[in-house]
Amino acid sequence: MTTKTTKRATKKVASSSKTMMNKAELKASIVKHLHCSLGTDENKANNHAWWKATCASVQEHVLEGLRKTQKSHYLNDTRAVHYFSAEFLMGRLMSNNLHNLGLFEQTEKALNELGVNLTDIMEEEPDMALGNGGLGRLAACFIDSLATLDLPAVGYGLHYEHGLFRQEIQNGEQIERPDSWRDYGNPWEICRPESIQDIPLFGYVETKYGENGRINKEWHPGHIVKGLPWDIPVVGYGGKTVNVLRLWQSQSSDYFNWDVFNAGGYVDAQTENVQAETISKVLYPNDETQAGKDLRLIQQYFFSACSLKDIIRRYKRAHGDDWSRFSEQVVIQLNDTHPAVAIPELMRILIDRAELDWDYAWSICSKTFAYTNHTLLPEALEKWPARMFERILPRHLEIIYEINRRFMDEVEAVWPGNNEIKRKLSIIEEGPDKMVRMGNLSVIGSFAVNGVAEIHSALVKKDLFPEFNHMWPSKLTNVTNGITPRRWLKACNPALSQLIDGKIGQDWPLNLDKLKGLAEFAEDAKFQKQFMKIKRDNKVQLAKEVMALTGVEIDPNAIFDVQIKRLHEYKRQHLNLLYIMALYRRLLENPDYDMHPRVFLFGAKAAPGYKLAKDIIFAINKVAEKINNDARVNHKLKVVFLPNYRVSLAEKMIPAADISEQISTAGKEASGTGNMKLSLNGALTVGTLDGANIEIAEEVGDENIFIFGLTVAEVEALDKKGYNPFDYYDNNRELKAVLDWLDSDYFTPGKPGALSSLKRSMLEGGDHYKVLADFTSYCEAQSLADKAYKEPERWAKMAILNTAHMGKFTSDRSIKDYVERIWKLDPCKVE
Ligand code: 8GP
1 MTTKTTKRAT KKVASSSKTM MNKAELKASI VKHLHCSLGT DENKANNHAW
51 WKATCASVQE HVLEGLRKTQ KSHYLNDTRA VHYFSAEFLM GRLMSNNLHN
101 LGLFEQTEKA LNELGVNLTD IMEEEPDMAL GNGGLGRLAA CFIDSLATLD
151 LPAVGYGLHY EHGLFRQEIQ NGEQIERPDS WRDYGNPWEI CRPESIQDIP
201 LFGYVETKYG ENGRINKEWH PGHIVKGLPW DIPVVGYGGK TVNVLRLWQS
251 QSSDYFNWDV FNAGGYVDAQ TENVQAETIS KVLYPNDETQ AGKDLRLIQQ
301 YFFSACSLKD IIRRYKRAHG DDWSRFSEQV VIQLNDTHPA VAIPELMRIL
351 IDRAELDWDY AWSICSKTFA YTNHTLLPEA LEKWPARMFE RILPRHLEII
401 YEINRRFMDE VEAVWPGNNE IKRKLSIIEE GPDKMVRMGN LSVIGSFAVN
451 GVAEIHSALV KKDLFPEFNH MWPSKLTNVT NGITPRRWLK ACNPALSQLI
501 DGKIGQDWPL NLDKLKGLAE FAEDAKFQKQ FMKIKRDNKV QLAKEVMALT
551 GVEIDPNAIF DVQIKRLHEY KRQHLNLLYI MALYRRLLEN PDYDMHPRVF
601 LFGAKAAPGY KLAKDIIFAI NKVAEKINND ARVNHKLKVV FLPNYRVSLA
651 EKMIPAADIS EQISTAGKEA SGTGNMKLSL NGALTVGTLD GANIEIAEEV
701 GDENIFIFGL TVAEVEALDK KGYNPFDYYD NNRELKAVLD WLDSDYFTPG
751 KPGALSSLKR SMLEGGDHYK VLADFTSYCE AQSLADKAYK EPERWAKMAI
801 LNTAHMGKFT SDRSIKDYVE RIWKLDPCKV E
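Taking full-length UniProt numbering, the leading residue of the sequence shown gets 1, the next gets one more, and so forth.
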């Protein structure tokens, strides 16, 4: 199956096919849309109007591809994967769609002749930031690869009115503002009112005794909300297969309550509307309050239930009421536990609606779902109070209890009389407030469970789910993450892409292993020069962006050291900060301190309720302010925190990075994908042996990466022995000095202690993430990186070899692994 996929995929090279428009036609089409879709003309149109007209013109091709794909899938009655995810971090679509259709250059030229710059108008597109971090961007890369490999797939999620918040930095602090990405419409999406779904919530369950002794359960819901689908076409590279990302928007079922309104209840009449519409309002509502928790579970159920109904409607169209082929046609991938409630929902449909018996229903259900785990952090493994579950989804809780009861019998058979193990594996966590463990439910209800990098999957087996692994040894597996090289090299780094095209041909975006061909030029002086010139040009570009966004001037000759990812203690942005402070001290103590000038660039959003993460952002900004304005050091050291980190900003930072910071505590970062993007673009990793860093090191070789810090085993051993951060604080003069500096008012004049929470977390707080333990080794790795950068040829060689050895990390490989190990899908060619 996989070989078939590979062969087919390699034949394709993105080029504008004969059915695509040529330059003159494109020009005419864009102008036509300017006139007829936007009601403006060339003299009046601003960049926004040109962007929209160009989208409309491109969308013509996209929709034609979509129609053909859907027809083809229908006629071939294909098995398809349904990727359920609360997040899809799509970013901007124009550049990607143009590249995947092979229309980029044509369009650029057509617009040029119209006096319009494509790069400028692409800046008009708001990011579709319908996600938070790695898991959401992974989903976006995966649907790109699925379409590219001609695999039948649908992405299912929520059509959030507001994506992740827009981050502003005021006086160094993160301020969250609503992200209104759709204020002026989204030209890529199509509303599909014909596929609206009704979703029940709340209410009670009635037990009915039917004929032949069958007990029937009837759920009488208290509310019905409507799910309105919006389709975002997903264009594969080569432009043939166009799959769909279907996102659900919630609406009140009784759009306007006339009765209540006429009786004088002007406000009440709107209340139900407002409540229903809240469901798809925001991503990850704050769940510290009960209302927030309710909303999250309702969101999860809402999009899972809409999607299942949609899948079943499509299945029934081809197979009627014959359920026997359901799990042959349908596989559902649960991206984390967020959509796990789909498991009892399918059981409910099969038992209560289709009236199948339990065993048959369960045999279908447990062959349909597969689950990807993205984190080992206990706080990220979802649990919902059983009482709340019962209030919102009363029938589902009953079904979960029954799944659990039967599962406990299986546990009893394996470990007779062992209540300890039963307690651990039960879907229901006992205690004063019973909780529903969504992780356990996902494992029990899925036929496959995967981690996202070798080490992570090994830890899932060893530490997170060891008993499940004992019960079902082949259920737990690994699929190492990947990234789409179309967006993360071809589109975001056009100059490097062209250089690569010239050396090894143009089909590397479909066959990333081909990049290996660059290795033979790693020591070629001319190639090194070209490679590093592109890096420098990208740095000049980024420097302009940094100036525009922050007013800070940075020197493209400095090392650009980049840490971009969500702000979390385990990712240790504060370890980076301590090193910056140490360098600052060294420079103050010795103005001739030998270091290549370096600019530290950060991009990160902190979860609104995560106080320490916000304190770290504040500290980075305050240290940056001081250093950037200190003429004694700022020719050698600068620090920039770029506000509102998002996909489109990553696309500018990654091609310009020299150093990639991947410095999580070993065992905490499931995989990382930014590490792959940066390395692909020729940045060298300073990283721990964590997540996919380990596999990156294997690919690029130890001599082309700066590995430091405790290993997973060493972290475990240290914890066992008893970790005391004061051991490091008391014994390292420099570390003590920088930590104490945080207590002073040096960085926050007149406000001593404004940065103390960081220090406290790393000392009295126990330094859960071993920042102090890894500090010395991190400094050493950074010194080695500095030394290497001072040898331009050596650096160029290392950078080239990083790009050359990233073949493994294409998301096409990840998807082929999923197909082979889990989904068992066949490609379906679209003619
Ligand atoms: C992330 C992991 O942290 C990252 O290592 C991995 O590369 C990525 O998933 C894709 O597999 N995890 C999350 O984004 C995550 O757990 N998000 C939950 C908060 C929703």
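For each residue, glycine too, the CB sits at the ideal point set by N, CA and C. Quick caveat: nothing in here was measured; it's all calculated off a predicted structure.
Going by beta carbon distance, what residues of the same chain come within less than 7 Å of D77, once the five residues before and after it are set aside? Position 77 of the sequence shown, counted from the start, is the residue given in the question as residue 77. Closer than 7 Å at Cβ, skipping near neighbours: A318.
Under DSSP, the alpha helix (DSSP H) around I196 begins and ends at which residues? As a first step, residue 196 is located in the sequence shown; it is residue number 196 there, counting from the start. For I196, there is no enclosing alpha helix (DSSP H), as DSSP marks it with neither H nor E.
Residues in the same chain with beta-carbon distance under 8 Å from K490, minus the five sequence neighbours each way, listed in chain order, please. Here residue 490 refers to the residue found at position 490 of the sequence shown. Closer than 8 Å at the Cβ level, and outside the excluded window around K490, lie H99, S497 and P509.
Paired residues, beta bridge with F531 - DSSP: To locate residue 531, count along the sequence shown from 1; it is residue 531. Paired residue(s): none; F531 is not in a bridge.
Give the DSSP-derived three-state secondary structure of K4 in the structure shown. Numbered from 1 along the sequence shown, position 4 holds the residue referred to as residue 4. In this prediction, K4 scores a pLDDT of 36, lower than 50, which makes its location untrustworthy; no coordinate-derived value is stated.
Hey, how far is the Cα of G102 from the Cα of S95? Position 102 of the sequence shown, counting from 1, holds the residue named residue 102. Position 95 of the sequence shown, counting from 1, holds the residue named residue 95. Whole-angstrom Cα-Cα distance: 10 Å.
DSSP on S660, reduced to helix/strand/coil? By 1-based counting over the sequence shown, the position of residue 660 is 660. Of the three classes helix, strand and coil, the one that applies to S660 here is strand, per DSSP.
Report the rounded CA-to-CA distance for A737 versus Q573, giving the unit in angstroms. As a first step, residue 737 must be located in the sequence shown, where it is residue number 737. As a first step, residue 573 must be located in the sequence shown, where it is residue number 573. About 19 Å.
E173 lies in the beta strand (DSSP E); which residues open and close that run? Numbered from its first residue, the sequence shown carries residue 173 at position 173. Residues E173 to R177.
Can you find a C-beta in chain B that's less than 7 Å from the C-beta of E820? Absent from the structure: chain B. Only one protein chain is present.
What would DSSP say about M676, mapped onto helix, strand or coil? For the purposes of this step, residue 676 is taken as the residue at position 676 of the sequence shown. Of the three classes helix, strand and coil, the one that applies to M676 here is helix, per DSSP.
What does DSSP give as the partner residue(s) for E383 in the beta ladder? On the sequence shown, residue 383 is found 383 positions in, with the first residue counted as 1. According to the sequence provided, residue 383 is Lys. The question's Glu does not apply to it. Answer is R437.
Where does I694 sit, in a helix, a strand or coil, going by DSSP? For the purposes of this step, residue 694 is identified with residue 694 of the sequence shown, where counting begins at 1. Helix, per DSSP.
For P233, count neighbouring Cβ atoms within 10 angstroms of its own Cβ and tell me buried if that reaches 16, exposed if not. For the purposes of this step, residue 233 is taken as the residue at position 233 of the sequence shown. Classification of P233: buried, given that the 10 Å Cβ count is 16 or more.
Sorry if obvious, but does the Cβ on T776 come closer than 6 Å to a heavy atom of the ligand 8GP? Taking the first residue of the sequence shown as position 1, residue 776 is located at position 776. Checking every heavy atom of the ligand 8GP against the Cβ of T776, none is found closer than 6 Å.
Anyone know if the C-beta pair for T803 and G682 falls short of 7 Å? In the sequence shown, residue 803 corresponds to position 803, counting from 1. In the sequence shown, residue 682 corresponds to position 682, counting from 1. For T803 and G682, yes; Cβs fall inside 7 Å.
For V244, which beta-bridge partners are listed by DSSP? Residue mapping note: residue 244 aligns to position 244 of the sequence shown, counting from 1. V244 is bridged to V154 and P233.
Please go through the same chain and pick out, in chain order, the residues whose beta-carbon is closer than 7 Å to the beta-carbon of H568, but skip the five residues on each side of it. Indexing the sequence shown from 1 puts residue 568 at position 568. Answer for H568: A613, listed in chain order.
So, at 8 Å on beta carbons, what are the nonlocal neighbours of G766 in its own chain, with the 5 sequence-adjacent residues on each side left out? Sequence index remark: in the sequence shown, residue 766 carries index 766 (1-based). Annotation for G766: Y723 and P725 place their beta carbon closer than 8 Å to its own, counting only its chain and skipping 5 residues before and after.
Beta-carbon spacing of W248, P229 below 7 Å: Start at 1 with the first residue of the sequence shown, and residue 248 comes out as number 248. Start at 1 with the first residue of the sequence shown, and residue 229 comes out as number 229. Their beta carbons are under 7 Å apart, which means W248 touches P229 by this criterion.
Provide the residue span of the alpha helix (DSSP H) that contains residue 879, from first to last. No information on residue 879 is available, as it lies outside the stretch 1 to 831 that the chain covers here.
Taking the C-alpha atoms as reference points, what is the distance between L464 and P591? The residue you call residue 464 lines up with position 464 of the sequence shown. The residue you call residue 591 lines up with position 591 of the sequence shown. Taking the straight line joining both Cα atoms gives about 50 Å.
May I ask whether a heavy atom of the ligand 8GP can be found less than 6 Å away from the beta carbon of T78? By one-based count along the sequence shown, residue 78 stands at place 78. Incorrect: T78 has no Cβ contact closer than 6 Å to the ligand 8GP.
Closest to L637 by CA distance: which of D615, F618, L601 and L784 is it? Residue 637 sits at position 637 when you count from the first residue of the sequence shown. Cα-wise, what sits closest to L637 is L601.
With a threshold of 8 Å, are at least 3 pairs of Cβ atoms found where one atom belongs to the region 655-667 and the other to the region 689-701? yes
What are the residues that DSSP puts in a beta bridge with S307? Position 307 of the sequence shown holds residue 307. DSSP links S307 through a beta bridge to no other residue.
For E703, I'd like the list of residues in its chain whose CB is within less than 8 Å of its CB, leaving aside the five on either flank, ordered along the chain. Within the sequence shown, residue 703 is the residue found at index 703, counting from 1. Excluding positions up to five away in sequence, the list reads M798.
At the level of alpha carbons, what is the spacing between T10 and D507? In the sequence shown, the residue the question calls residue 10 occupies position 10. In the sequence shown, the residue the question calls residue 507 occupies position 507. In this prediction, T10 scores a pLDDT of 35, lower than 50, which makes its location untrustworthy; the coordinate-derived value is nonetheless stated afterwards. Cα to Cα, T10 sits roughly 8 Å from D507.
Residues that D561 bridges to, as DSSP identifies them: Residue numbering aside, residue 561 sits at position 561 when the sequence shown is read from its first letter. F600 and I659.
What is the rounded straight-line gap between the Cα of N117 and the Cα of L111? To locate residue 117, count along the sequence shown from 1; it is residue 117. To locate residue 111, count along the sequence shown from 1; it is residue 111. Spanning the alpha carbons of N117 and L111 requires a straight line of approximately 6 Å.
Among Y83, V599 and F326, which one has its Cα closest to the Cα of I312? As a working note, residue 312 is residue 312 in the sequence shown. Among Y83, V599 and F326, the Cα nearest to that of I312 is on F326.
Report the rounded CA-to-CA distance for T685 versus V546, giving the unit in angstroms. What you label residue 685 is simply residue 685 of the sequence shown in a count that begins at 1. What you label residue 546 is simply residue 546 of the sequence shown in a count that begins at 1. Looking at the two C-alpha atoms, the distance is approximately 22 Å.
I654 and K677 closer than 7 Å at C-beta: The residue given as residue 654 occupies position 654 in the sequence shown. The residue given as residue 677 occupies position 677 in the sequence shown. Contact flag set, yes.
Tell me, please, which residues DSSP counts as bridged to F775. By one-based count along the sequence shown, residue 775 stands at place 775. Answer by DSSP bridge pairing: none, since F775 is not bridged.
Alpha carbon to alpha carbon, how far is K751 from M90? Give it in angstroms, no decimals. For the purposes of this step, residue 90 is taken as the residue at position 90 of the sequence shown. For the purposes of this step, residue 751 is taken as the residue at position 751 of the sequence shown. Their backbone Cα atoms lie some 41 Å apart in a straight line.
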